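Below is one structure, written out as structure tokens; the observations come after it.
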Amino acid sequence: MLALLLAALGGCHMPAGAESDRQGAALVGAGPQLHGTLGFPNVRPGQRYRFSYPLLKNHSKETVEFTGLRLLHVPGGVKVLGYNVYSDLETDGVLSDKYGTVLLEVTGRVRHHLTGCRVEYKQQGVAYHQDFHCEFALDSAE
Numbered sequence: 002m003l004a005l006l007l008a009a010l011g012g013c014h015m016p017a018g019a020e021s022d023r024q025g026a027a028l029v030g031a032g033p034q035l036h037g038t039l040g041f042p043n044v045r046p047g048q049r050y051r052f053s054y055p056l057l058k059n060h061s062k063e064t065v066e067f068t069g070l071r072l073l074h075v076p077g078g079v080k081v082l083g084y085n086v087y088s089d090l091e092t093d094g095v096l097s098d099k100y101g102t103v104l105l106e107v108t109g110r111v112r113h114h115l116t117g118c119r120v121e122y123k124q125q126g127v128a129y130h131q132d133f134h135c136e137f138a139l140d141s142a143e
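Oh and the sequence shown: position 104 is 105 in this note's numbering, straight run, nothing missing.
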């Protein structure tokens with residue numbers, strides 16, 4: 002069921018949903034984003050970068066309806082341009098059948114890493130959020 006909902010969202014802009022203070026537990030993350038830091042060296046203002054969220058699987062018995070994606074800590078020098086969900090039809094199944102991404106633009110010197118991947122969703126009409134480890138580095142050229 003998760004795949005059907007994500008397929009409907011495939012490639013669309015995913016703004017942050019209505020913030021929920023309910024901690025969810027329906028999703029399990031996988032992939033290198035959970036275990037290390039992904040990034041780019043020598044970034045300069047005006048450049049854009051895309052990072053992938055951890056791969057997500059619904060391990061509950063209830064349907065998950067995604068309502069938003071959000072990075073929890075975005076340092077100065079970085080602007081979030083948008084979030085998307087992609088399916089294997091758009092990526093040739095490279096890593097998973099579905100995954101989220103964030104598009105960023107460097108606007109100045111980046112002194113800290115971007116951290117924390119929040120996923121917002123509903124199950125049976127109730128809003129939840131779940132946070133996953135992720136760390137993205139945009140190391141300045143200077």
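We put the CB at the ideal spot given by N, CA and C, even for glycine.
All values derive from a computational prediction rather than experimental measurement.
Reference His36, options Leu139, Thr116 and Pro46, closest by Cα: One-based indexing of the sequence shown puts residue 36 at position 35. Checking every option, the nearest Cα to that of His36 belongs to Thr116.
Taking C-alpha atoms, which residue in Leu82, Thr64, Gln34 and Leu139 lies nearest to Leu1? No answer is possible for residue 1: it lies beyond the span of the chain, which begins at 2 and ends at 143.
Considering Ala128, what are the terminal residues of the beta strand (DSSP E) in which it resides? Translated into the one-based positions of the sequence shown, residue 128 becomes position 127. Taken as a continuous stretch (DSSP letters only), the beta strand (DSSP E) holding Ala128 covers Val127 to Ser141.
Kindly give me the distance between the Cβ atoms of Gln131 and Gly25, rounded to whole angstroms, as I take these residues to be in contact under 8 Å. Residue numbering aside, residue 131 sits at position 130 when the sequence shown is read from its first letter. Residue numbering aside, residue 25 sits at position 24 when the sequence shown is read from its first letter. Between the beta-carbon of Gln131 and that of Gly25 there is about 5 Å, and that keeps the pair under the 8 Å contact cut.
Could you tell me whether the Cβ atoms of Leu73 and Tyr84 are closer together than 7 Å? Reading the sequence shown from its first residue, position 72 is the one you call residue 73. Reading the sequence shown from its first residue, position 83 is the one you call residue 84. Contact: no.
Simplified DSSP state of Pro46, which is helix, strand or coil: For the purposes of this step, residue 46 is taken as residue 45 along the sequence shown, with counting starting at 1. DSSP places Pro46 in coil when its eight states are reduced to three.
CA-CA distance, Glu63 and Arg51? Locating residue 63 in the sequence shown gives position 62, counting from the first residue. Locating residue 51 in the sequence shown gives position 50, counting from the first residue. Computed Cα separation, rounded: 30 Å.
Excluding the five sequence neighbours on either side, which residues of its own chain have a C-beta within less than 6 Å of the C-beta of Glu136, listed in chain order? Along the sequence shown, one-based indexing puts residue 136 at 135. If we look at Glu136 and ignore the five residues flanking it on each side, its Cβ neighbours are Thr38, His114 and Thr116.
Is it true that the CB of Ala27 sits closer than 7 Å to the CB of Ser53? For the purposes of this step, residue 53 is taken as residue 52 along the sequence shown, with counting starting at 1. For the purposes of this step, residue 27 is taken as residue 26 along the sequence shown, with counting starting at 1. Not a contact, by the Cβ cut-off of 7 Å.
Residues that His74 bridges to, as DSSP identifies them: Indexing the sequence shown from 1 puts residue 74 at position 73. Paired residues: Thr116.
For the candidate residues Pro46, Gln34, Arg49 and Gly77, whose alpha-carbon lies nearest to that of Leu57? Here residue 57 is taken as the residue at index 56 of the sequence shown, counted from 1. If we check each option's Cα against that of Leu57, Gln34 comes out closest.
Exposure of Pro46, with buried meaning 16 or more beta-carbon neighbours within 10 Å: The residue labelled residue 46 in the question sits at position 45 within the sequence shown. Pro46 comes out exposed.
What residue does the beta strand (DSSP E) around Ala31 start on, and which one ends it? By one-based count along the sequence shown, residue 31 stands at place 30. Unbroken beta strand (DSSP E) run through Ala31: Leu28 to Ala31.
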